[in-house]
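Presented below is the structure to which this report refers.
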Amino acid sequence: MYPDNVVKGSTSYRARAPEVWLAAGIALICAGALTGMGSLKGIALSMLFTQAGLLCIACAGANWSDEPVKSGLGLDSPVRPLSLKGAIIAVISLLWLSFSLNFFLEFSGMRENSALVELEKQLTHIKKQELVWMLVCLALLPALAEELLFRGLLLGRLKARWGPNVALTLSSLLFGAAHLDLAQGLAATVLGVFLGGLRLRTGSVHASILCHASNNGIAVLLPQLVELG
Numbered sequence: 000m001y002p003d004n005v006v007k008g009s010t011s012y013r014a015r016a017p018e019v020w021l022a023a024g025i026a027l028i029c030a031g032a033l034t035g036m037g038s039l040k041g042i043a044l045s046m047l048f049t050q051a052g053l054l055c056i057a058c059a060g061a062n063w064s065d066e067p068v069k070s071g072l073g074l075d076s077p078v079r080p081l082s083l084k085g086a087i088i089a090v091i092s093l094l095w096l097s098f099s100l101n102f103f104l105e106f107s108g109m110r111e112n113s114a115l116v117e118l119e120k121q122l123t124h125i126k127k128q129e130l131v132w133m134l135v136c137l138a139l140l141p142a143l144a145e146e147l148l149f150r151g152l153l154l155g156r157l158k159a160r161w162g163p164n165v166a167l168t169l170s171s172l173l174f175g176a177a178h179l180d181l182a183q184g185l186a187a188t189v190l191g192v193f194l195g196g197l198r199l200r201t202g203s204v205h206a207s208i209l210c211h212a213s214n215n216g217i218a219v220l221l222p223q224l225v226e227l228g
């Protein structure tokens, strides 16, 4: 048997765990906001801090529930897993939707004052030795953190309270609003509906993480290909 003071200390730590995660998340997001965005390194560092902060907030929310953290974040094994063919179709469908949205935003003029334009300009100057770092900071980490928070935690909690339709709508709108940019936010909201639909269909965030990472990865690599062309 453990001494009473050890047991009490362990219980106290578990009770404080959500607050610790939340405080860490807020601190990291503030650090990301204060990091300079005028260079590729600054953008990558800002994204690193911000996405790590979102990940901490997702963990805080999951720790506030009685269910296992893995379930709270939507990381359980898929109830209806996608086949390899289904996964490929899902990725291609999201990429097609993303390109269509970009075309619409370009045609409507909404991208002119968007941070997307400056980011794409910066991405054309990525050096080969920086590419992996950029893919991690701009593609892999956002896919993981944003899916766990918006499709894992928020969509799951909202679904339990108000049902799948309200949950899908609200989580997608919050995902769009979190981008703090009109053009990016509009595109993110629509893409959020697609990614949320995957989460609801499969019962897990595995497929949405794959699609999100693929979309962001193409967004990082495409300016390189255009520049080479």
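Read in numbering that gives the first Met the number 0, the sequence shown has 204 at position 205, and its numbers run on one by one without any break. Glycine included, each C-beta is placed from N, C-alpha and C at the ideal position.
Apply the 10 Å Cβ neighbour rule to F106 and answer buried if 16 or more other Cβ atoms are within range, or exposed otherwise.
-> exposed
I think G24 touches T34, with their Cβ atoms under 8 Å apart; what is that distance to the nearest whole Å?
-> That belief does not hold up - the Cβ atoms of G24 and T34 are roughly 16 Å apart, past 8 Å.
Q121 classed as buried or exposed, judged by whether at least 16 other C-beta atoms fall within 10 angstroms = buried
Can at least three beta-carbon pairs, one atom from the region 88–103 and one from the region 56–72, be found at a separation below 8 Å?
-> no
Quick one: which unbroken alpha helix (DSSP H) runs of 4-plus residues sit fully inside the region 44–131? Chain order, please.
-> 68–71, 83–107, 114–122
By how many angstroms is the C-alpha of A16 removed from the C-alpha of V189?
-> 34 Å
Output the distance between the C-alpha atoms of E66 and A218, rounded to the nearest integer angstrom.
-> Those two C-alpha atoms are separated by around 36 Å.
Just the C-alpha distance for R79 and T201, rounded to the nearest angstrom, thanks.
-> 5 Å
Exposure of Y1, with buried meaning 16 or more beta-carbon neighbours within 10 Å = Confidence in Y1 is poor, its pLDDT being 41 and thus under 50, which makes the residue's placement unreliable; the coordinate value appears in the next sentence. So Y1 counts as exposed.
Cα-Cα, which of L21, L47, L39 is closest to G31?
-> L47
Rounded C-beta distance between G191 and S213? I'm assuming under 8 Å.
-> Between S213 and G191 the Cβ distance is about 16 Å, and since that is not below 8 Å, they are no contact.
Cα-Cα separation, L152 to P77 | Using only the alpha carbons, I get a separation of about 15 Å.
Local Cβ density within 10 Å of G162, reported as buried at 16 or more and exposed below that = Answer is exposed; the Cβ neighbour count stays below 16.
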